[in-house]
Amino acid sequence: MLAVSTIGILLLKNDFNTSIDMQTENAISEHSYMVSNISNKIITARLQSNSILLTTSQILNVLGDIFEDSKINPTTIVALFNKNNRVLYNNVPISLDTSILNSAGSSNTSSTDSNLYYTQILKVNGRMRLIVASPIVLEKQNFIFVTSTDISNIYASYSNQIRYTKYMCITLSLVCAIILLTLSKLLLRPLVNLNRTTSAIATGDYSQRITIYSDDELGELSYNMNIMANAVEKNVNQLKEVAENRKTFINNLSHEMKTPLTSILGFADIMRIKRNLSDEELSDYSNIIFDEATRLKNLSGKLMELITIGETNLDFSETETTELFSQIELVMKPIMITNNISFTVSCDSCFIYIDLELFKSVILNLLDNAIKASENDSTISLIGKIENDDFKIQVIDKGIGMSEDDISKVTEPFYMVDKARSRKAGGVGLGLALCSSIVEIHNAKLDISSRLQHGTNVTVSIQIQKKEQ
Amino acid sequence: MIKILIVEDDENIAKMIRATVTMGGYDSYICSDGITGLKHMNSGDYDLVLLDIMLPEMDGFEVISKRTNDTPVIFITAKQDVLDKVSGLKLGAEDYIVKPFETVELLARIEVVLRRYNKNEHILTYKDITINIDEHTCRQNHTDVNLTPKEFDLIVFFIQHQDVAISRSQLLSAIWCYYFEGESRTVDIHIQQLRKKLSLKNNLITIPKLGYRLNKIS
Numbered sequence: 496m497l498a499v500s501t502i503g504i505l506l507l508k509n510d511f512n513t514s515i516d517m518q519t520e521n522a523i524s525e526h527s528y529m530v531s532n533i534s535n536k537i538i539t540a541r542l543q544s545n546s547i548l549l550t551t552s553q554i555l556n557v558l559g560d561i562f563e564d565s566k567i568n569p570t571t572i573v574a575l576f577n578k579n580n581r582v583l584y585n586n587v588p589i590s591l592d593t594s595i596l597n598s599a600g601s602s603n604t605s606s607t608d609s610n611l612y613y614t615q616i617l618k619v620n621g622r623m624r625l626i627v628a629s630p631i632v633l634e635k636q637n638f639i640f641v642t643s644t645d646i647s648n649i650y651a652s653y654s655n656q657i658r659y660t661k662y663m664c665i666t667l668s669l670v671c672a673i674i675l676l677t678l679s680k681l682l683l684r685p686l687v688n689l690n691r692t693t694s695a696i697a698t699g700d701y702s703q704r705i706t707i708y709s710d711d712e713l714g715e716l717s718y719n720m721n722i723m724a725n726a727v728e729k730n731v732n733q734l735k736e737v738a739e740n741r742k743t744f745i746n747n748l749s750h751e752m753k754t755p756l757t758s759i760l761g762f763a764d765i766m767r768i769k770r771n772l773s774d775e776e777l778s779d780y781s782n783i784i785f786d787e788a789t790r791l792k793n794l795s796g797k798l799m800e801l802i803t804i805g806e807t808n809l810d811f812s813e814t815e816t817t818e819l820f821s822q823i824e825l826v827m828k829p830i831m832i833t834n835n836i837s838f839t840v841s842c843d844s845c846f847i848y849i850d851l852e853l854f855k856s857v858i859l860n861l862l863d864n865a866i867k868a869s870e871n872d873s874t875i876s877l878i879g880k881i882e883n884d885d886f887k888i889q890v891i892d893k894g895i896g897m898s899e900d901d902i903s904k905v906t907e908p909f910y911m912v913d914k915a916r917s918r919k920a921g922g923v924g925l926g927l928a929l930c931s932s933i934v935e936i937h938n939a940k941l942d943i944s945s946r947l948q949h950g951t952n953v954t955v956s957i958q959i960q961k962k963e964q
Numbered sequence: 018m019i020k021i022l023i024v025e026d027d028e029n030i031a032k033m034i035r036a037t038v039t040m041g042g043y044d045s046y047i048c049s050d051g052i053t054g055l056k057h058m059n060s061g062d063y064d065l066v067l068l069d070i071m072l073p074e075m076d077g078f079e080v081i082s083k084r085t086n087d088t089p090v091i092f093i094t095a096k097q098d099v100l101d102k103v104s105g106l107k108l109g110a111e112d113y114i115v116k117p118f119e120t121v122e123l124l125a126r127i128e129v130v131l132r133r134y135n136k137n138e139h140i141l142t143y144k145d146i147t148i149n150i151d152e153h154t155c156r157q158n159h160t161d162v163n164l165t166p167k168e169f170d171l172i173v174f175f176i177q178h179q180d181v182a183i184s185r186s187q188l189l190s191a192i193w194c195y196y197f198e199g200e201s202r203t204v205d206i207h208i209q210q211l212r213k214k215l216s217l218k219n220n221l222i223t224i225p226k227l228g229y230r231l232n233k234i235s
């Protein structure tokens, strides 16, 4: 744009200079025409007066007519000076620069060449004038003859053109700038969008995704960024969930610890400060303190198990399943008898790779839960059977069962389906949470199905260890 | 007699609270879930409700927001969250006690709330001493006894908690509103003054390692 406007202005300038030159030439030719006209008139006047030489005043008389004539033509203003730069005639008052007269005058004395013209451009009364001066010799006297031409219109048209060019340039520049801006905005839109989305993700809004506009490299980058954002969001959500679970766990734990503590502290305080405690009160209160302290002990024991389960050195070994089941039956049989429950055990024989003590505790826990859910005279079965590559251990009771909602929450720490009942049985709500952790480190699966009033079926599936014998 | 409703799902805690309020000389009734608790609360038979927050069927916040009369409520909860405390008090509870708590603390808080509702005894008697709480006067054998304000508060507190051993720190927090020990000399001096002024030498006794107890006249 700058180049175009510069060239435009230079061309205009050149054009202007040419027209000035042409005007100057015109002025000079007119000037010379007038000079020759003056010479002719002088000669005619000399012949008429029959004198050898005309005097200055006679010359002026002759020239007066010519000057009067030239008044009609407004473009040409004529003046005549003698060699001392004194004005002899001036039909329009112009204060001429003396330098032009001096130079005209000085050349006049030494030279006989009558084709010397001096030009100057002057501003007179707000109009530009081209002044042409030349020395002339009339009747052996030296004069300086000055003509002047109005060239204002050239200047006016020049400045008009310059202004016009300027406006054009500015307008064109603006239009170009707008077009360029829009174009670059359009082209950069995917990038801007990408930038905005990534910075949103960077500030923590992990759900933001980049809109893919095109199939090029930018589109591919956006696609990859989206994959990255997905991964980040997933991880962050997992972390949040872990933190949330931990918070819930701690809240529940503090509640579970404070409940027995409140009873213990309260009754101990009463026993301490009350005067004349009856024997009945004494035994009642101390029994409650003992029970609640036992509950705290159970809680801390189970809690330690749950916490250390992933950290302790696990003692994995190949175990024969019938051997495992007979060990369990040995422990559970007397308990089932005291609870008046008929207990059936059946088992297929195979090998599984387990930590015996931990795995036993899972089955014992499940059986314990089954007892807690069962009435007297109910039945509980423990079944071990081979299904494809898995060994399935089922604990089936005909107890009170639980709802769908309970099944989904029952492995959460401290969740108890029937709080009052569970507490009476000495439960702390950590049994199934513990079981599911143990089952998890054995790469096994824990499934619970249950119907209210019909009983519960808990299945643990673990991979069978292939024996090559 | 002042009747207190205890809404608490843990059987042993409910029993403990009952034993505590019985020591304070109040009658009590236990509800173990929110819905029956609300029903009893709305019957208007009770002067005060001790309400647990985590309750089966309906939690304590819901119970208090659904009550139809202005029976004063004190929350008793294991939740130590400030937010829980704020929302409990916003719903109109008079106080908020965090489990576990001390027996005397619970009794003192109940006493404060009952006094606020003008449900406490105005005239207290012990032996030949008669105390008028409204007039702030103490008379023994029909003659006025001059007590300082702290001494007055102290004898009122002891008469309200007869047969209960009260530690120096509990007295400090209840009467002087201090929550640190080390100022226990203050308590001792006031007790000595009380014994002398009201001739309680054989009734207001020192319990070693615990504090003081005003024995009930049988």
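Residue numbers (this note's numbering), protein chains in the order written: chain A, 496 to 964; chain B, 18 to 235. In this text, a Cβ means the ideal position worked out from N, Cα and C, and glycines have one as well.
(request) Mind the definition here: the segment 904-918 of chain A touches the segment 836-845 of chain A only if three or more C-beta pairs lie below 8 Å; say whether that holds. (result) no
(request) Identify, in the order they occur along the chain, each residue of the same chain with its Cβ nearer than 6 Å to the Cβ of A/Asn603, setting aside the five sequence neighbours on each side. (result) One-based indexing of the first sequence puts residue 603 of chain A at position 108. Legend: pLDDT at A/Asn603 = 46, less than 50; position of this residue unreliable, no value from coordinates given.
(message) Using C-beta distances below 8 Å, list every residue in its chain close to B/Arg35, excluding the 5 sequence neighbours before and after it, in chain order.
(response) The count along the second sequence starts at 1 and reaches residue 35 of chain B at position 18. Within the same chain, B/Arg35 has close Cβ partners Ile23, Ser45, Ile47.
(request) Measure the alpha-carbon distance for A/Ile933 versus B/Val38 and round it to whole angstroms. (result) Residue numbering aside, residue 933 of chain A sits at position 438 when the first sequence is read from its first letter. Residue numbering aside, residue 38 of chain B sits at position 21 when the second sequence is read from its first letter. One C-alpha to the other measures close to 46 Å.
(message) On a Cα-Cα basis, can you pick out the residue from A/Leu947, A/Phe854, A/Glu870 that is closest to A/Lys940?
(response) Taking the first residue of the first sequence as 1, we reach residue 940 of chain A at position 445. Checked all of A/Leu947, A/Phe854, A/Glu870; the closest Cα to A/Lys940 is A/Phe854.
(message) Bridge partners for B/Cys155 per DSSP, in chain order?
(response) Position 138 of the second sequence holds residue 155 of chain B. B/Ile148, per the DSSP bridge assignment.
(message) Give me the chain B residues within the contact set of A/Asp478, using Cβ-Cβ distance strictly less than 7 Å, ordered along the chain.
(response) This structure leaves residue 478 of chain A out entirely; chain A is present only between 496 and 964.
(request) Below 6 Å CB to CB, which residues in the same chain sit around A/Ser873 once its five sequence neighbours on both sides are set aside? (result) By 1-based counting over the first sequence, the position of residue 873 of chain A is 378. Contacts found: Ile836, Lys893.
(message) Runs of 4 residues minimum, wholly inside the segment 65-139 of chain B: which ones carry the alpha helix (DSSP H) assignment?
(response) 77-82, 99-107, 120-133
(message) Please tell me whether B/Gly109 and B/Ile81 are closer than 8 Å, where the distance is taken between their beta carbons.
(response) Within the second sequence, residue 109 of chain B is the residue found at index 92, counting from 1. Within the second sequence, residue 81 of chain B is the residue found at index 64, counting from 1. It is a contact, given that the beta carbons lie within the stated cut-off.
(request) For chain B, find out if any of its Cβ atoms is closer than 8 Å to the Cβ of A/Asn771; answer yes or no. (result) Position 276 of the first sequence, counted from the first residue, corresponds to residue 771 of chain A. Yes, contact with chain B.
(message) Please report the straight-line C-alpha distance between A/Ser606 and A/Ile538, rounded to a whole angstrom.
(response) As a first step, residue 606 of chain A must be located in the first sequence, where it is residue number 111. As a first step, residue 538 of chain A must be located in the first sequence, where it is residue number 43. With a pLDDT of 43 at A/Ser606, under the threshold of 50, the predicted position of this residue should be treated as unreliable, though the coordinate-derived value follows. Answer to the nearest angstrom: the Cα atoms are 22 Å apart.
(request) Find the nearest neighbour of B/Leu215 within the set B/Val99, B/Thr142, B/Glu74, judged by alpha-carbon distance. (result) Counting from 1 along the second sequence, the entry for residue 215 of chain B is found at position 198. If we check each option's Cα against that of B/Leu215, B/Thr142 comes out closest.
(message) Cutting at 6 Å between CB atoms, please list the residues of its own chain near A/Asp786, excluding the five before and the five after it.
(response) The sequence position of residue 786 of chain A within the first sequence is 291, counting from 1. There are no such residues.
(request) Specify, as a first and last residue, the run of the beta strand (DSSP E) that A/Phe640 falls within. (result) To locate residue 640 of chain A, count along the first sequence from 1; it is residue 145. Boundaries of the beta strand (DSSP E) around A/Phe640: 636-645.
(message) With a threshold of 8 Å between beta-carbons, can B/Met40 be considered close to chain A, or not?
(response) Working through the second sequence from its first residue, we reach residue 40 of chain B at position 23. Yes, B/Met40 lies at the interface with chain A (some Cβ there is under 8 Å from its Cβ).
(request) With 8 Å as the threshold, decide whether the Cβ of B/Ile70 is near any Cβ in chain A. (result) The residue you call residue 70 of chain B lines up with position 53 of the second sequence. Answer no: the Cβ-Cβ gap between B/Ile70 and chain A never drops below 8 Å.
(request) Anything in the segment 107-138 of chain B with a Cβ closer than 9 Å to a Cβ of chain A? List those residues in chain order, please. (result) Val115, Lys116, Pro117, Phe118, Glu119, Thr120, Val121, Leu123
(request) Given a cut-off of 8 Å, decide if B/Asp26 and B/Asp64 are closer than it, judged by their beta-carbon atoms. (result) Locating residue 64 of chain B in the second sequence gives position 47, counting from the first residue. Locating residue 26 of chain B in the second sequence gives position 9, counting from the first residue. Cβ atoms of B/Asp64 and B/Asp26: not closer than 8 Å.
(message) Please classify B/Gln187 as buried or exposed, where buried requires at least 16 other C-beta atoms within 10 Å of its C-beta.
(response) Against the second sequence, residue 187 of chain B aligns to sequence position 170. Buried.
(request) Indicate whether B/Leu123 and B/Tyr113 have their beta-carbon atoms separated by less than 8 Å. (result) Within the second sequence, numbered from 1, the residue matching residue 123 of chain B stands at position 106. Within the second sequence, numbered from 1, the residue matching residue 113 of chain B stands at position 96. It is not a contact, given that the beta carbons lie outside the stated cut-off.
(message) According to DSSP, A/Tyr848 sits in a beta bridge with which residue or residues?
(response) One-based indexing of the first sequence puts residue 848 of chain A at position 353. A/Tyr848 is bridged by DSSP to A/Glu813.
(request) Please state whether DSSP places A/Cys842 in a helix, a strand or coil. (result) Counted from its first residue, the first sequence places residue 842 of chain A at position 347. In the structure shown, A/Cys842 sits in a strand (DSSP, three-state: E or B).
(request) Closer than 7 Å by beta-carbon distance: list the chain B residues that pair up with A/Leu760, in chain order. (result) Locating residue 760 of chain A in the first sequence gives position 265, where the first residue counts as 1. Ordered by position in chain B, the residues that pass the 7 Å Cβ test against A/Leu760 are Pro117.
(message) Using C-beta distances below 8 Å, list every residue in its chain close to A/Arg946, excluding the 5 sequence neighbours before and after it, in chain order.
(response) For this step, residue 946 of chain A is matched to residue 451 along the first sequence. These residues qualify, in order along the chain: Gly896.
(request) Tell me, please, whether the CB atom of B/Lys32 is closer than 8 Å to any CB atom in chain A? (result) Within the second sequence, the letter at position 15 stands for residue 32 of chain B. At least one CB of chain A lies nearer than 8 Å to the CB of B/Lys32.
(message) When you compare the segment 815-834 of chain A with the segment 857-864 of chain A, are there three or more beta-carbon pairs, one atom per stretch, that lie closer than 8 Å?
(response) yes
(message) I believe B/Val66 touches B/Thr94 by the beta-carbon criterion, under 8 Å. Please report the beta-carbon distance rounded to the nearest angstrom.
(response) Within the second sequence, the letter at position 49 stands for residue 66 of chain B. Within the second sequence, the letter at position 77 stands for residue 94 of chain B. That pair is no contact at about 13 Å.
(message) Quick check on A/Ile674: buried or exposed, where buried means 16 or more other Cβ atoms within 10 Å of its Cβ?
(response) The residue labelled residue 674 of chain A in the question sits at position 179 within the first sequence. Around the Cβ of A/Ile674, a 10 Å sphere holds fewer than 16 other Cβ atoms; the residue is exposed.
(request) Could you check the C-alpha separation between A/Asp510 and A/Gln518 for me, to the nearest Å? (result) Reading the first sequence from its first residue, position 15 is the one you call residue 510 of chain A. Reading the first sequence from its first residue, position 23 is the one you call residue 518 of chain A. The alpha-carbon separation between A/Asp510 and A/Gln518 amounts to approximately 12 Å.
(request) Report the neighbours of B/Arg230 on chain A: residues whose CB is nearer than 7 Å to its CB, in chain order. (result) Taking the second sequence and counting its residues from 1, one reaches residue 230 of chain B at position 213. Neighbours of B/Arg230 on chain A, chain order: Arg770.
(message) Out of A/Glu751, A/Pro685, A/Ala540, which one is the CA nearest neighbour of A/Asp465?
(response) Past the boundaries of the shown model lies residue 465 of chain A; chain A is included only from 496 to 964, so the question cannot be answered.
(request) Please check if any C-beta of chain B sits within less than 8 Å of the C-beta of A/Arg741. (result) By 1-based counting over the first sequence, the position of residue 741 of chain A is 246. No, because no Cβ of chain B sits closer than 8 Å to the Cβ of A/Arg741.
(message) Need the endpoints of the beta strand (DSSP E) that B/Leu164 sits in, please.
(response) Position 147 of the second sequence, counted from the start, is the residue given in the question as residue 164 of chain B. Premise fails: B/Leu164 is in no beta strand (DSSP E) and is neither H nor E.
(message) Count Cβ pairs between the segment 759-777 of chain A and the segment 132-152 of chain B that sit closer than 8 Å; are there 3 or more?
(response) No: fewer than three Cβ pairs fall under 8 Å.
(request) List the residues of chain A whose Cβ lies closer than 8 Å to the Cβ of B/Asn219, in chain order. (result) Here residue 219 of chain B is taken as the residue at index 202 of the second sequence, counted from 1. In chain order: nothing, as chain A lies at least about 14 Å away.
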